[in-house]
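Heads up, the sequence shown is in the numbering used here, so the first residue is -3 and it goes up one at a time.
Built from N, CA and C at the ideal position, the CB exists for glycine as well.
Report on the structure given below.
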Amino acid sequence: MLRYALPLIPALFFALPATAQDDAPLTAEAAMRCGVLNSLMGVLEEGDAEKSRARNAIALTWFSLANDMRHVDEAERKATFDRVHNEEGEAVVALPAEGEARAEHLLQRLDACDELKYANAPAYRSMADFLATADAAQFAGDAALRRQGKEPPPIPEKDLGFGDGWTFQSRGNDCTAVKMLNPDLELRLGFNNFEDGAVWLTGSKLPPFPDEDIDAAVAKHDRGAVEDEAAASADGIPVYVYAPGVTYANYPGTALFVDGKIAARIVYGATEQGETAYRIGHLQGWIWPKLKAGKELRAKVLGKEVGVVQLRAAGGLWAEMQACIDQYPEG
-3 MLRYALPLIP ALFFALPATA QDDAPLTAEA AMRCGVLNSL MGVLEEGDAE
47 KSRARNAIAL TWFSLANDMR HVDEAERKAT FDRVHNEEGE AVVALPAEGE
97 ARAEHLLQRL DACDELKYAN APAYRSMADF LATADAAQFA GDAALRRQGK
147 EPPPIPEKDL GFGDGWTFQS RGNDCTAVKM LNPDLELRLG FNNFEDGAVW
197 LTGSKLPPFP DEDIDAAVAK HDRGAVEDEA AASADGIPVY VYAPGVTYAN
247 YPGTALFVDG KIAARIVYGA TEQGETAYRI GHLQGWIWPK LKAGKELRAK
297 VLGKEVGVVQ LRAAGGLWAE MQACIDQYPE G
């Protein structure tokens, strides 16, 4: 049976001294839950010592952030930890031990932790640096190197192929996945560890994007969607829905859709030397979680469907992309 969490983690969690903390939209329960989820993932990754080490360093950082909240007394922290520990552990062990079901479940659960980490980046980074002074072996990654005044090593260069015609390339801070939607139209996921990546559609037959009156051009491509302010996430990530009377079938603009919902809208475009490129999606963190959790991606350009992609057919691409993004999560 899969252990719920590494036994070392809770012991360190309750033993660590409290340190100063800035106000941040982070609760003790959320931090503990992210600690437990990363600890569980570390158990699944025990066959890879480096992955397991990194995962458990992340878990310890979350546990320490929870312990740092002085307004929560020790009894309440322990009770919350026990409840979260049991909830997440039981959910994992209920899944088949064979195959990827447990890992996929945890990766989906960890999406919220990724968003929480970026929303609380200063506090998270400060805690990781603090812990690196006490346990350099556990924090042998970027936090420990920064304490030594050194830069983290570059992300390993990779060139990989995945199912359904996807390719993946890792260079420096860039994590890039490419699929040809047709012989003349490229879909490119250009993500990185600074959270400013996006999705690009590029091809010579796309409608050209003008050099002048760009606002009017964007407005033309941006028809058919409205922002649902009530549905926005706690950290302000907007949610776009179909405008009144609009469905996917009659959507008139340019956008990406995941499982039937609007996932990302056009930001801008450019035409150079006969080739046009559209940037889709304002921020990496707005679209990447939808892609890796989704089943089907569809793309429309000015109302015309230009591609349908079965996301699960890419196999391990999404885990590879996440691993690339996570290598130096603070940039």
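Measure the C-alpha to C-alpha separation of residue i and residue j and round it to an integer number of angstroms.
i      : j      : result
Leu313 : Phe187 : 13 Å
Asp69  : Ala75  : 10 Å
Ala245 : Leu252 : 13 Å
Lys286 : Gly95  : 23 Å
Gly299 : Arg219 : 9 Å
Val263 : Gly157 : 29 Å
Thr267 : Pro206 : 7 Å
Ala259 : Ile283 : 6 Å
Gly265 : Tyr247 : 19 Å
Trp196 : Val174 : 10 Å
Arg105 : Lys216 : 37 Å
Val222 : Thr243 : 12 Å
Pro234 : Ala295 : 20 Å
Leu22  : Asp209 : 43 Å
Ala20  : Lys154 : Its pLDDT being 44, under 50, Ala20 is placed unreliably by the model, and the measurement read from it follows with that caveat. So the alpha carbons of these two residues sit roughly 36 Å apart.
When burial is assigned at 16 or more other CB atoms within 10 Å of the CB, is residue i buried or exposed?
i      : result
Ser166 : buried
Asn52  : buried
Thr250 : buried
Val304 : exposed
Ile321 : buried
Asp34  : Just to set this straight, residue 34 is Asn in the shown sequence, not Asp. When all chains shown are included, Asn34 counts as buried.
Arg79  : exposed
Gly43  : exposed
Just reading off the beta strand (DSSP E) that residue i is part of, what are its end residues?
i      : result
Ala260 : 257 to 268
Leu200 : Leu is not the amino acid found at residue 200; the sequence shown has Ser there. Run containing Ser200: none; DSSP gives neither H nor E here.
Ile276 : 271 to 276
Arg29  : Counting along the chain, Arg29 falls outside any beta strand (DSSP E), though it belongs to the alpha helix (DSSP H) covering 24 to 40.
Val214 : Not the beta strand (DSSP E): Val214 falls in the alpha helix (DSSP H), residues 210 to 217.
Thr163 : 163 to 167
Thr172 : 170 to 178
Phe253 : 251 to 254
Arg66  : Looking at the DSSP string, Arg66 is not in any beta strand (DSSP E), and its letter there is neither H nor E.
Leu293 : 292 to 297
Arg184 : 181 to 188
Val304 : 300 to 306
Alpha helix (DSSP H) containing residue i: first to last residue?
i      : result
Ile54  : 45 to 63
Lys288 : 280 to 289
Gly157 : Here Gly157 belongs to no alpha helix (DSSP H); instead the beta strand (DSSP E) covers 154 to 157.
Gln318 : 313 to 322
Leaving out the 5 sequence neighbours to the left and right, which residues in its chain are closer than 7 Å to residue i when beta-carbon positions are compared?
i      : result
Lys47  : Glu41
Asp18  : With a pLDDT of 42 at Asp18, under the threshold of 50, the modelled position of that residue is not reliable, and the figure given next carries that caveat. Cβ within range, chain order: Pro118, Ala119.
Asp176 : A small fix is needed here, since residue 176 is Met in this sequence, not Asp. Taken in chain order, the residues that qualify are Gly161, Glu182.
Leu307 : Leu287, Gly290, Lys291, Glu292, Leu293
Gly270 : Ser200
Gln280 : Phe187, Glu191, Asp192, Gly193, Ala194
Ala26  : Leu112
May I ask you to check if the CB of residue i is nearer than 7 Å to at least one heavy atom of the ligand MN?
i      : result
Tyr274 : For the ligand MN, the structure offers nothing, since it holds no ligand at all.
In chain order, what residues of the same chain have a beta carbon less than 6 Å from the beta carbon of residue i, not counting five sequence neighbours either side?
i      : result
Gly199 : Asp180, Leu181
Cys30  : Trp58, Cys109
Starting from the C-beta of residue i, find all residues in its chain whose C-beta is less than 8 Å away, skip the five residues before and the five after it, and write them out in chain order.
i      : result
Met123 : Thr15, Thr57, Ser60, Leu61, Asp64
Pro203 : Thr272, Val297, Leu298
Leu102 : Leu33, Leu36, Met37, Leu40, Val88
Ala309 : Gly159, Asp160
4 or more residues per run - each alpha helix (DSSP H) lying fully within the stretch 75 to 133: Entirely contained in the stretch 75 to 133, the alpha helix (DSSP H) runs reaching 4 residues are, in chain order, 97 to 115, 117 to 130.
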